[in-house]
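Everything on this sheet refers to the single structure shown next.
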Amino acid sequence: MFDLIVIGGGAAGFYGAIQAAIADPKLKIAIFERGKTVLGKVRISGGGRCNVTHAAFEPFELSQNYPRGQKELLGPFHTYAPGDTIQFFEARAVPLKVEADGRIFPHTDSSQSIIDCFLAETRKRGITVLKNSAVKQIERSKDIANGWRVTTMNKHYHSKKLLVATGSNPKIWELLKGMGHCIVPPVPSLFTFNTTDVRVKGLQGLSVHARVDIMPKTHYDSKILVQLKSKVEREPLFTEEGPVLITHWGLSGPAILKLSAWAAKELNDFHYVFRIRINWTPEYDLGTMTGFLSEVKMAEAKKTVLKSKILELPNRLWVRLVKASGVDAHLKWADMTKDQLRALAGQLTECAIPVNGKSIYKEEFVTAGGVDLKEINFKTFESKLLPNLYLAGEVINVDAVTGGFNFQNAWTGAYIAAQAIANG
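Be aware that the sequence shown starts at 794, since it is given in our numbering, and climbs by one per residue.
Put into structure tokens, the structure is as follows:
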């Protein structure tokens, strides 16, 4: 018999249990974890360093990093935001540091610091942690009014309140669906783009600040985007600007990962076969680049196009783009025709690359989907359908771009749910 059962021994589950125990030390609390170990995703996150949160301290700015949940999280972020997260850990002798890109890590650069902090807190506050306790059934308790009976493989447990923080767990989603909740079908988010395009193949390790567009289906049969006449056909579905990293299998980096999050549903509908348009020089468009190259033709007339260094691009990429535009290796700028100038400008600013498949980003796996946000009261993170049932973390249809934002959703939701549980 417990006052609170937390299902899920991950970030949101531990944080919720600890915050509830802080708010009301008298609560009898248990965490149920299906696996042999707890906090597995915390351990591998950020390459083992644990990207705890992000230095986006203004709630509106913070909310803009959530493709799903942007509107719903704005209010909660006014209650609990990255500054509160930092204060929690630093008050427990886990100092954090802000890196140049805004990501926040423990000073130790080790996720073990976060794990040790949570385990110490659960011991200190008398929270029971039950491993190898996969939940098979959730139903109303006959012994507690509006309470719950939670069944594992061979035991029944009763609790006044329930916090579900199981992340992307299909079995728990199925249980919640059976209890009346609507589950938005899950699709992958935060993944890299697979391509064998000759312009980038073999250039792994190169990083370029670029603008990347995901193009509509109408482009799939067109090899050269600049030849398309229809303006509607040329309008991108999604656009992102930032570092693009060329990898062994294709394209990664912040711009690609953000696109994978914002376009998660659409790219799943496309079965991950689609086309992107890359502007390797986002300060230019096709017209202004053509004009610039015409000026270069006059100023650098005697130089060979292939060996020219006229833009801040890695030399190996420049060579690939020049060759892709059909320019001979020995051609001089003076001999470039208008069509050749425009073709090169097209490769630089409207480079059409086919994508065929995706890869998981490092060891991190984020899913878009989960309990429909319309069914959650975001002042308490309580279910609107089932009193005394609370939900936090990725079990609900919230996901974020990379950079510590998914963890902040877990901390915020778990904190608010814990306050409601302790004070209810």
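Every residue, glycine too, gets a C-beta built ideally from N, C-alpha and C.
For this session: Keeping to the same chain, check which residues put their C-beta closer than 7 Å to that of K821; ignore five residues upstream and five downstream.
Result: F795 and D796
Problem set entry | Residues sharing a beta bridge with D1165, DSSP | Answer is none; D1165 lacks a bridge partner.
Problem set entry | C-beta atoms of V1191 and L866 nearer than 8 Å | yes
Exercise. To which residues of the same chain is W966 closer than 6 Å at the C-beta, ignoring the five residues directly before and after it?
Worked result: I976
For this session: May I ask you to report which of helix, strand or coil DSSP gives D1062?
Result: helix
Exercise. What separation, rounded to the nearest whole angstrom, lies between the Cα atoms of E854 and G895?
Worked result: 13 Å
Exercise. Using the beta-carbon count (16 or more within 10 Å), is K953 buried or exposed?
Worked result: buried
Problem set entry | Beta carbon of I937 nearer than 8 Å to that of A810 | no
Exercise. Are the beta-carbon atoms belonging to Q812 and A1185 less than 8 Å from one another?
Worked result: no
For this session: Output the distance between the C-alpha atoms of I1069 and W1126, rounded to the nearest integer angstrom.
Result: 29 Å
Problem set entry | Neighbourhood of G1046 by C-beta distance below 8 Å, restricted to the same chain and skipping five residues each side | S1000, G1035, P1036, V1037 and L1038
For this session: Decide if the segment 1198-1216 is in contact with the segment 846-864; the criterion is three or more beta carbon pairs, one per stretch, under 8 Å apart.
Result: yes
Problem set entry | Simplified DSSP assignment, three categories, for C1144 | strand
Exercise. Less than 8 Å separating the beta-carbons of M1091 and A1138?
Worked result: no
For this session: Assuming A958 contacts V1159 (C-beta within less than 8 Å), just tell me the rounded distance between them.
Result: Going by Cβ atoms, the distance from A958 to V1159 rounds to 15 Å, so no, they are not a contact pair.
For this session: Pull up the CB-CB distance for N987 and K1151, whole angstroms please, since I reckon it's below 8 Å.
Result: 6 Å
Exercise. Which runs of the beta strand (DSSP E) spanning at least 3 residues fall entirely within the segment 1054-1110, listed in chain order?
Worked result: 1066-1072
Problem set entry | Endpoints, the beta strand (DSSP E) within which T1205 is located | From DSSP, T1205 is part of no beta strand (DSSP E) but of the alpha helix (DSSP H) over F1198 to N1216.
For this session: Classify V845 as buried or exposed, calling it buried when 16 or more other Cβ atoms lie within 10 Å of its own Cβ.
Result: buried
For this session: Measure the Cβ-Cβ separation of T1074 and L1104 and say whether it is below 8 Å.
Result: yes
Problem set entry | Residues near K929 in its chain [Cβ-Cβ closer than 7 Å; skip 5 each side] | T944, T945 and M946
For this session: Report yes if the C-beta distance between A1003 and N1072 is below 8 Å; otherwise report no.
Result: yes
Problem set entry | Straight-line gap, N1231 to Q1140 (C-alpha atoms, nearest Å) | Lying outside 794 to 1217, the shown extent of the chain, residue 1231 is not represented and no answer is given.
For this session: Express the C-alpha separation of D877 and T901 in angstroms, rounding to a whole number.
Result: 20 Å
Problem set entry | Cα-Cα separation between F807 and V1098, rounded to whole angstroms | 59 Å
Exercise. Exposed or buried, which one is R916 when buried takes at least 16 other CB atoms within 10 Å?
Worked result: exposed
Exercise. Leaving out five residues before and five after I1153 in sequence, what residues of the same chain have Cβ atoms less than 7 Å from its Cβ?
Worked result: F984
Exercise. To the nearest whole angstrom, what separates the beta carbons of S982 and A1054, a pair I think is in contact under 8 Å?
Worked result: 5 Å
Exercise. Which residue or residues does DSSP assign as beta-bridge partners of G1150?
Worked result: Per DSSP, none; premise fails for G1150.
Problem set entry | Cα-Cα separation between I800 and E1028, rounded to whole angstroms | 44 Å
For this session: Quick one: give me the first and last residue of the beta strand (DSSP E) that E1187 is part of.
Result: No beta strand (DSSP E) holds E1187; DSSP gives it neither H nor E.
Exercise. I931 to I879, Cα distance in whole Å?
Worked result: 34 Å
Problem set entry | Distance between L1086 and R1135 (C-alpha atoms, nearest Å) | 8 Å
Exercise. Name the DSSP beta bridge partners of K1125, please?
Worked result: T1097
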